[in-house]
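Colleague:
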Amino acid sequence: MTRAAVVMGGSAGSLGVFDAVLGALPEDYALLLVLHLPADDAGSFALHLAQVSRLPVVEPCDKQRIEGRHVYTAPANYHMLVERGGHVALSVDERVNWSRPSIDVLFESAAGAWGRELVAVILSGANADGAMGLLAVKAAGGHTLAQDPAGAASPLMPLAAIKVGAVDEILSPEGIALRLIELANG
Amino acid sequence: MNPSELERLEIDLLLETVFRRYGYDFRGYARASIDRRVRQLLSSSGCTTVAELIPKVLNDAEFFSRLVRNFSIPVTEMFRDPAVYRAVREKVVPLLRTWPHFKIWHAGCATGEEVYSLAMLLKEEGLYERATIYATDFNEEALDLAREGIYPIEKIKAATRNYQLAGGKGSLSDYYHAAYDAARMDPALRERVVFSVHNLATDSVFGEIHLVLCRNVLIYFGRELQNRALWLLTESLVHGGYLCLGTKENLQFTEVHAHFSTLDHAARLYKKQVPP
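Sequence lines, in order, name chains A and B. At position 63 of the first sequence the residue is numbered 63 (the working numbering), and the sequence of numbers has no breaks. At position 221 of the second sequence the residue is numbered 1221 (the working numbering), and the sequence of numbers has no breaks.
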């Protein structure tokens, strides 16, 4: 099976994990990422990742087309969603899990757009955002990974996802990178 | 048909029902957000499938109102994106000054915070008396709140910070009266504001506008509807008039692109021109 896209979400303590995973790729995936950020952040996550990734990193505008071998980071103070047909939709709807961007919002919409072709990854963080989204990905036939809470700076987020039964595999940051490479190659 | 395709069909039928029964057209909206809102409505409705919502909407006007509220959650704040207001002050105000009278259209004003923000800016620039501001939204409940201009006091702290970052020349407290847990905006700020119901998805052009603000409204529209609304805004503007969009919206790749030059990319400020 080919996996077209990867969605990843993280909060407190996840930046280094994003670095480790992004640094290990390029594969053909489109990668869409949410990191919880202060509302007035001006694109610092994208700027940071551009230093560690060999892939182009984009903070997308609304309706931007999603391409493989590109990384898309949710802009601060917007939810980032995926439309069927493969473009980004942004929204300023109310916060979800006290977060905008919210990981659940990205994951749920990506599950609808990509179904079985999607891999979703939940990383370190100090709230439960992403758990319901990961469950939606799994229900739609996608593959789900969680950072091992034992090694996470803030274990709450992966734990919440594991608790609701949303996680297929629990892995270290290096393990996540290796698994994504394997999944990309069928 | 798999469950996800079935849900998609049920949502199509729900939107069709809403349009044909009540005239509100959400059929061309960006679908991912609509799907999310329908699921939210579903989980609070006691129904188990979207299809069960259809007879409720057909027969129960109160449930329909709930749906509209759910589909148009107004999220805005005073001087949202302060840098945009600074750009309006620095780049648009000098040109507004050249007109003896000018009209501003705030399309999709929601609960009005940004209308009051603009009114303050114009007051401070000595231009308010020359302006007529049309503040429109399709959500009548939001518009009622905009007309009242009473906002929760806990929002004032962020608003004060935004006001300063936006280049405010006085103090935000000059413009509201605090009473209990609310901030009541100075009624003088709405003397030249006309609040009215207008739906960008179904209604028509406003005339001879000098500045259109339509921020974070078009992101909820699908491409086709977005182009329709952009033509409507474009045709409403005078030549040399200004359009201001949300900071993550983009005129590039839209049908009206050739009708505008970019005045300030970061602030999404565009000037209407004759296409080359």
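Positions of the beta carbon are idealized from the N, C-alpha and C atoms, including for glycine.
Please report the straight-line C-alpha distance between residue 1148 of chain B and residue 1060 of chain B, rounded to a whole angstrom.
Modeller: So the alpha carbons of these two residues sit roughly 28 Å apart.
Colleague: If we ignore side chains and look at the alpha-carbon of each, how far apart do residue 1039 of chain B and residue 1050 of chain B end up?
Modeller: When rounded, the distance between both Cα atoms is 8 Å.
Colleague: Straight-line CA distance for residue 6 of chain A to residue 119 of chain A?
Modeller: In a straight line, the C-alpha of residue 6 of chain A is about 5 Å away from that of residue 119 of chain A.
Colleague: If we require 4 or more residues per run, which alpha helix (DSSP H) segments fall completely within the region 1204-1239 of chain B?
Modeller: You should have 1223-1236.
Colleague: Applying the 10 Å Cβ sphere with the 16-neighbour rule, what's the burial state of residue 1157 of chain B?
Modeller: Exposed, because fewer than 16 other Cβ atoms sit within 10 Å of the Cβ of residue 1157 of chain B.
Colleague: Is it true that the CB of residue 112 of chain A sits closer than 9 Å to the CB of residue 36 of chain A?
Modeller: Going by C-beta atoms, residue 36 of chain A is not nearer than 9 Å to residue 112 of chain A.
Colleague: Let me see if you follow: with CB-CB separation under 9 Å, is residue 67 of chain A close to chain B or not?
Modeller: Not an interface residue.
Colleague: Check the DSSP bridge columns for residue 9 of chain A and list the partner residues they point to.
Modeller: Paired residue(s): A/34, A/122.
Colleague: Roughly how many angstroms separate the alpha carbons of residue 1261 of chain B and residue 1274 of chain B, rounded to a whole number?
Modeller: If I take the Cα positions, the gap works out to 10 Å.
Colleague: How many whole angstroms separate the CB atoms of residue 1067 of chain B and residue 1115 of chain B, which I take to be in contact at a CB cut-off of 8 Å?
Modeller: Not really, about 26 Å apart at Cβ, beyond 8 Å.
Colleague: Going straight from the alpha carbon of residue 1270 of chain B to that of residue 175 of chain A, what length do you get?
Modeller: Cα to Cα, residue 1270 of chain B sits roughly 48 Å from residue 175 of chain A.
Colleague: For the region 1222-1253 of chain B, enumerate the residues whose C-beta is nearer than 9 Å to any C-beta of chain A, in chain order.
Modeller: Within the region 1222-1253 of chain B, the residues whose Cβ lies closer than 9 Å to some Cβ of chain A are 1222, 1223, 1226, 1246, 1247, 1248, 1249, 1250, 1252, 1253, listed in chain order.
Colleague: Quick one: is the Cβ of residue 154 of chain A within less than 8 Å of any heavy atom of the ligand SAH?
Modeller: Here there are no bound small molecules, and the ligand SAH is not part of this structure.
Colleague: Looking at the C-beta of residue 1220 of chain B, does it have a partner C-beta in chain A at a distance below 9 Å?
Modeller: Yes, contact with chain A.
Colleague: How would you list, in chain order, the residues of chain A whose beta-carbon sits under 7 Å from the beta-carbon of residue 1216 of chain B?
Modeller: Here the neighbours are 92.
Colleague: DSSP three-state label for residue 1073 of chain B, please.
Modeller: Coil at residue 1073 of chain B, not helix or strand.
Colleague: Starting from the beta carbon of residue 1044 of chain B, find every residue of chain A whose beta carbon is closer than 9 Å, and list them in chain order.
Modeller: Residues of chain A passing the Cβ test: none, with the nearest at roughly 14 Å.
Colleague: Could you give the DSSP three-state label for residue 1276 of chain B: helix, strand or coil?
Modeller: Three-state DSSP puts residue 1276 of chain B in coil, outside helix and strand.
Colleague: Against chain A, with Cβ distances strictly below 9 Å, would residue 1075 of chain B count as a contact?
Modeller: Yes - at least one Cβ of chain A is within 9 Å of the one on residue 1075 of chain B.
Colleague: Can you tell me where the beta strand (DSSP E) holding residue 163 of chain A begins and where it ends?
Modeller: Element bounds for residue 163 of chain A: not the beta strand (DSSP E) but the alpha helix (DSSP H), 156-163.
Colleague: Count the other CB atoms within 10 Å of the CB of residue 85 of chain A; is the residue buried (16 or more) or exposed (fewer)?
Modeller: Under this definition residue 85 of chain A is an exposed residue.
Colleague: Less than 8 Å between C-beta atoms, sequence neighbours within five positions excluded: which residues of the same chain meet that for residue 1047 of chain B?
Modeller: The residues are 1053, 1056.
Colleague: Just the chain B side, please: which residues come within less than 8 Å of residue 197 of chain A by C-beta, in chain order?
Modeller: Outside the displayed range of chain A (1 to 186) lies residue 197 of chain A, so it cannot be described from this structure.
Colleague: Counting only Cβ-Cβ distances shorter than 9 Å, please list the residues of the region 1117-1130 of chain B near chain A, keeping chain order.
Modeller: Here the close residues number zero.
Colleague: Helix, strand or coil for residue 63 of chain A, going by three-state DSSP, please let me know.
Modeller: Residue state, collapsed to three classes: coil.
Colleague: Could you tell me which of B/1007, B/1105, B/1070 sits nearest to residue 1208 of chain B, measuring between CA atoms?
Modeller: Of B/1007, B/1105, B/1070, the residue nearest in Cα terms is B/1105.
Colleague: Can you tell which of B/1078, B/1197, B/1124, B/1118 has the C-alpha that lies nearest to the C-alpha of residue 1152 of chain B?
Modeller: Nearest C-alpha to residue 1152 of chain B: B/1078.
Colleague: Taking the C-alpha atoms as reference points, what is the distance between residue 169 of chain A and residue 1002 of chain B?
Modeller: Distance between the alpha carbons of residue 169 of chain A and residue 1002 of chain B: 26 Å.
Colleague: Tell me, to the nearest whole angstrom, how far the beta carbon of residue 1225 of chain B is from that of residue 1028 of chain B; I am working on the premise that it is less than 8 Å.
Modeller: The Cβ separation is near 3 Å, so the contact holds.
Colleague: Please report whether the beta-carbon of residue 109 of chain A lies at a distance below 9 Å from any beta-carbon of chain B.
Modeller: At least one chain B Cβ lies under 9 Å of residue 109 of chain A.
Colleague: Thinking C-alpha only, which one of B/1180, B/1168, B/1088, B/1058 is nearest residue 1020 of chain B?
Modeller: Considering only alpha carbons, the answer is B/1058.
Colleague: Could you tell me whether the region 1194-1201 of chain B touches the region 1133-1143 of chain B, using the rule of 3 or more Cβ pairs below 8 Å?
Modeller: The region 1194-1201 of chain B is in contact with the region 1133-1143 of chain B.
Colleague: Alpha carbon to alpha carbon, what distance is there between residue 1227 of chain B and residue 1254 of chain B?
Modeller: If you take the alpha carbons of residue 1254 of chain B and residue 1227 of chain B, they lie about 6 Å apart.
Colleague: Closest to residue 1065 of chain B by C-alpha separation, out of B/1184, B/1211, B/1041, would be which residue?
Modeller: The residue with the shortest Cα to Cα distance from residue 1065 of chain B is B/1041.
Colleague: At what residues does the beta strand (DSSP E) containing residue 1111 of chain B begin and finish?
Modeller: Taken as a continuous stretch (DSSP letters only), residue 1111 of chain B belongs to no beta strand (DSSP E), as it is neither H nor E.
Colleague: Which residue from A/24, A/166, A/90 puts its Cα closest to that of residue 1247 of chain B?
Modeller: Here the closest residue by C-alpha is A/90.
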